[in-house]
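Peer 1:
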Amino acid sequence: MAQQENNLPVFQFKNVIKHQPLTPGNNIAILENINIEITRGNIITITGPSGAGKSTLLFLLNRLIDTDQGEIFYQGKKLVDWDVTELRRQVGLVFQHPTMLAGSVKDNLLYGPLLHNEYPVESPAQLIEQVELPSYLLERDARDLSGGQQQRVTLARTLANSPRVLLLDEITSSLDPKTSSSIEKLVISLNNEQGYTCLWVTHNNDQSRRVGNTTWYLNNGKIEVI
Amino acid sequence: MSLTALILTLTFVGIAIILSLWQHLQLEKDLIIGTIRAAIQLTAVGYILQIVFDLNEWPYLLLIILIMLLVAAQNAARRGKGINNIFIKILISIAAAEIIAMAILLGFHIVDSTPRFIIPLSGMVIGNAMISCGLFLNRLFQEIRSKKDVINVALSLGATSKQAINSALRNSVRASTIPVIDGLKTVGLVQLPGMMTGLIIGGTSPIEAVRYQLLILFSLTAVTTISSMILAFLTYPSIFTEAHQLKQIIK
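Chains as they are written, first to last, in this note's numbering: chain V, 1049 to 1274; chain Z, 9 to 259.
1) Any beta carbon of chain V sitting closer than 8 Å to that of Z/His32?
2) Who are the near neighbours of V/Asn1110 in its chain, counting only those whose CB is closer than 7 Å to its CB and skipping five residues on each side?
3) So the beta strand (DSSP E) V/Glu1080 belongs to, where does it begin and stop?
4) Can you tell me which of V/His1067, V/Thr1133, V/Glu1119, V/Pro1057 puts its alpha carbon nearest to the alpha carbon of Z/Ala167?
5) Closest Cβ-Cβ distance between Z/Gly196 and chain V: below 8 Å?
6) Below 8 Å, how does it come out for the stretch 1114-1124 of chain V and the stretch 1182-1196 of chain V: are there three or more Cβ pairs, yes or no?
7) Between which two residues does the alpha helix (DSSP H) containing Z/Val158 stretch?
8) Suppose you measure from the CA of Z/Gly202 to the CA of Z/Val195; what does that come to, to the nearest Å?
9) Answer with buried or exposed for V/Pro1225, where buried requires no fewer than 16 other C-beta atoms within 10 angstroms of its C-beta.
10) For Z/Thr249, which residues from the same chain have a beta carbon less than 8 Å from its beta carbon, with the 5 sequence-adjacent residues on both sides left out?
11) If we call anything under 8 Å between Cβ atoms a contact, is V/Ile1091 one with V/Val1058?
12) Measure the alpha-carbon distance for V/Tyr1159 versus V/Pro1211 and round it to whole angstroms.
13) How about V/Asn1209: is its C-beta nearer than 8 Å to some C-beta of chain Z?
14) Please confirm whether Z/Val158 has its beta-carbon closer than 8 Å to some beta-carbon of chain V.
15) Can you grab the Cα-Cα spacing for the pair Z/Ile290 / V/His1067, in whole Å?
16) According to the neighbour-count rule (16 or more other Cβ atoms, all chains shown, within 10 Å of its Cβ), is V/Gly1096 buried or exposed?
17) Under 8 Å, with one C-beta from each stretch per pair, do the stretch 148-167 of chain Z and the stretch 121-140 of chain Z reach the 3-pair mark?
18) Once the 5 residues before and after Z/Leu143 are set aside, which same chain residues still bring their CB inside 7 Å of it?
19) For V/His1251, count the other beta carbons within 10 Å of its own beta carbon; 16 or more makes it buried, fewer makes it exposed. Which is it?
20) Going by the DSSP bridge assignment, what does V/Tyr1122 pair with across the sheet?
21) Could you check which residue in V/Gln1199, V/Gln1178, V/Ser1183 has the C-alpha nearest to that of V/Ile1236?
22) Three or more C-beta pairs under 8 Å: does that hold for the stretch 134-154 of chain Z against the stretch 236-250 of chain Z?
23) In angstroms with no decimal places, state the Cα-to-Cα distance between V/His1164 and Z/Gln171.
24) Have a look at Z/Ile15 and Z/Leu228 and give me their C-alpha separation to the nearest angstrom.
25) Need the endpoints of the beta strand (DSSP E) that V/Leu1273 sits in, please.
26) Are Z/Leu85 and Z/Ile102 close, meaning C-beta to C-beta below 8 Å?
27) Tell me the start and end of each unbroken alpha helix (DSSP H) in the stretch 1155-1214 of chain V that is at least 4 residues and wholly inside, in chain order.
28) Would you please state the rounded distance, in angstroms, between the beta carbons of Z/Val231 and Z/Ala137? I believe it to be under 8 Å.
29) Under DSSP, the beta strand (DSSP E) around V/Trp1130 begins and ends at which residues?
30) Should Z/Thr122 be flagged as near chain V, meaning a C-beta pair shorter than 8 Å?
31) Determine, using beta carbons only, whether V/Leu1105 and V/Ile1094 come nearer to each other than 8 Å.
32) What number of angstroms, rounded off, separates the C-alpha of Z/Ile96 from the C-alpha of Z/Ile48?
33) Give me the Cα-Cα distance between Z/Ala251 and Z/Ser164, rounded to the nearest whole angstrom.
34) Compute the beta-carbon to beta-carbon distance between V/Ile1078 and V/Gly1101, rounded to the nearest angstrom, for a pair I have assumed lies under 8 Å.
35) Please confirm whether Z/Met132 and Z/Ile224 have their CB atoms less than 8 Å apart.
36) Against V/Arg1137, what residues of chain Z qualify as contacts under a CB-to-CB distance less than 9 Å, listed in chain order?
What follows is the structure in structure tokens.
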């Protein structure tokens, strides 16, 4: 069964169409009849002009929104047939703008696992150290942290759910080069050591080349594989 | 009160109109229309209540309460545009509050089960439940607008709709009960409530008037909480899709 699961593409897009309103009555094509597969253990970087729908693509995979037509499959099963809360735990999304939930950093890290009365595999201290933040921040109100610190907490918060896929939406755009580099290394090591599949939206072409096994260029509803 | 005395009370409206003209507030038209409407509506209600009190029959009493419920739900529903079947949901919330309040008041024989008691008390219960539902919806929309990102983050981490919106719902229920709770704390110190004032002017002893006022205040604390909590349970599923996705009902 596990072998069978390993042979399946993580995601399969079949004739996927997604439009989103640009202005009332005026829709822009995000995905126009897309057929593509994402294989296990890849880091795919997604680039493209602003407004092309890169974030929308990630929201589709986390099922915060649905396709207009066509189907997306995850582990060989239609996204719509998954228990959506379980799907979202397995396909973790880190948003472009760090949004902290009410409470301490620790509360944020434990939020996902506690929804299911579980405790994360790694302790909150390990999770926060993984994203290079000192553990004394755990008891601090998460909303008092700097933007860069918050962004790292959002990554650790998603990792606390032990996802199989990471959807990263420009997560280093507000970080300094040193921290940005350490996050890149972390994601690469998670990919190498734990087999995480990643889709990473970035505007930074150098970053895209550094971290991506494959790059998708998204524009006018089409995906060009580079 | 004599008719002459009643007519003389129009002096107050006259003062407001003169002030409006003097300061160019342009309130004269609204003041005149409002005064005429209030006079006609209240006079009509006065005659209808007199007939219902004299008839003392349940079908007429229930009809009056039903009309009150429908008008209250229609009025509060304007605050919930975008939510499916909001009128029905508010109607259920207010009706539940009215049923519970009347069950306690009549069941324990706290008041007589005659139209003379039931109609005015129902009016206060339904009116306050209506205000509570309106305040709840106002605050809920504000919460969703300002915390959309927080709700989406919670959903993305595997929260259900209810888990994701729980704190917004709690804040909205709390906001809807604030006026009544603040009223409880300051009543008698800042103002004498309308019902108590009316009873005292009507000749009831202040002690007796206070008892009725306390009865109203205590029942209203329950009524506002019940109506907004029921509305919270009924409305939150309409804000999400079945796949726990936040709908775009609020711009």
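Where a beta carbon is used, it is the ideal one built from N, C-alpha and C, also for glycine. Model, not experiment: these values are computed from the prediction.
Peer 2: Based on what the coordinates show:
1) Not closer than 8 Å to any Cβ of chain V, the Cβ of Z/His32 fails to qualify, so no.
2) Non-local C-beta neighbours of V/Asn1110 in its own chain, meaning closer than 7 Å and more than five positions away in sequence, comprise Arg1136, Val1139, Leu1141, Leu1215, ordered along the chain.
3) Its beta strand (DSSP E) spans residues 1074-1086.
4) Minimum Cα distance to Z/Ala167 is reached at V/Thr1133.
5) Cβ-Cβ to chain V under 8 Å: no for Z/Gly196.
6) Between the stretch 1114-1124 of chain V and the stretch 1182-1196 of chain V, the count of C-beta pairs closer than 8 Å stays below three; the two stretches do not touch.
7) That run of the alpha helix (DSSP H) goes 156-164.
8) Z/Gly202 and Z/Val195: Cα-Cα distance of roughly 11 Å.
9) Only exposed fits V/Pro1225, as fewer than 16 other CB atoms lie within 10 angstroms of its CB.
10) By the criterion of a C-beta distance shorter than 8 Å, Z/Thr249 is surrounded in its chain by Lys255, once the five residues flanking it on both sides are discounted.
11) Not closer than 8 Å, so no.
12) In this structure, the CA atom of V/Tyr1159 is about 14 Å from the CA atom of V/Pro1211.
13) Judged by the 8 Å Cβ criterion, V/Asn1209 is in contact with chain Z.
14) It does: the Cβ of Z/Val158 has a partner Cβ on chain V nearer than 8 Å.
15) Nothing can be reported for residue 290 of chain Z: it is not among the residues displayed for chain Z, which extend from 9 to 259.
16) Counting Cβ neighbours within 10 Å, V/Gly1096 comes out buried, since at least 16 surround it.
17) At 8 Å Cβ cutoff, the stretches do not touch.
18) Within the same chain, Z/Leu143 has close Cβ partners Ala183, Ser184.
19) Flag for V/His1251 reads exposed.
20) In the DSSP output, where bridge partners are listed per residue, V/Tyr1122 has V/Phe1059, V/Lys1125.
21) Comparing Cα positions, the closest option is V/Gln1178.
22) They touch, by the three-pair rule.
23) Rounded to the nearest angstrom, the gap between the Cα atoms of V/His1164 and Z/Gln171 is 11 Å.
24) For Z/Ile15 and Z/Leu228, the distance between alpha carbons rounds to 34 Å.
25) In the sequence on display, residue 1273 of chain V carries Val and not Leu. V/Val1273 -> beta strand (DSSP E) spans 1270-1273.
26) For clarity, residue 85 of chain Z is Ala in the given sequence; the question names Leu instead. No. Outside cutoff.
27) Taken in chain order, the whole alpha helix (DSSP H) runs of length 4 or more contained in the stretch 1155-1214 of chain V are 1172-1178, 1195-1207.
28) That belief holds up - the Cβ atoms of Z/Val231 and Z/Ala137 are roughly 5 Å apart, short of 8 Å.
29) Note, V/Trp1130: premise wrong, no beta strand (DSSP E); not H, not E.
30) False, the Cβ-Cβ gap to chain V never drops below 8 Å.
31) Using a Cβ distance threshold of 8 Å, V/Leu1105 and V/Ile1094 count as a contacting pair.
32) Rounded to the nearest whole angstrom, the CA to CA distance from Z/Ile96 to Z/Ile48 is 29 Å.
33) Distance between the alpha carbons of Z/Ala251 and Z/Ser164: 12 Å.
34) With a beta-carbon spacing of about 3 Å, V/Ile1078 and V/Gly1101 fall inside the 8 Å limit used to define contacts.
35) Judged by beta-carbon spacing, Z/Ile224 lies within the 8 Å limit of Z/Met132, meaning their Cβ atoms are closer than that value.
36) Within 9 Å Cβ-Cβ: Leu165, Gly166.
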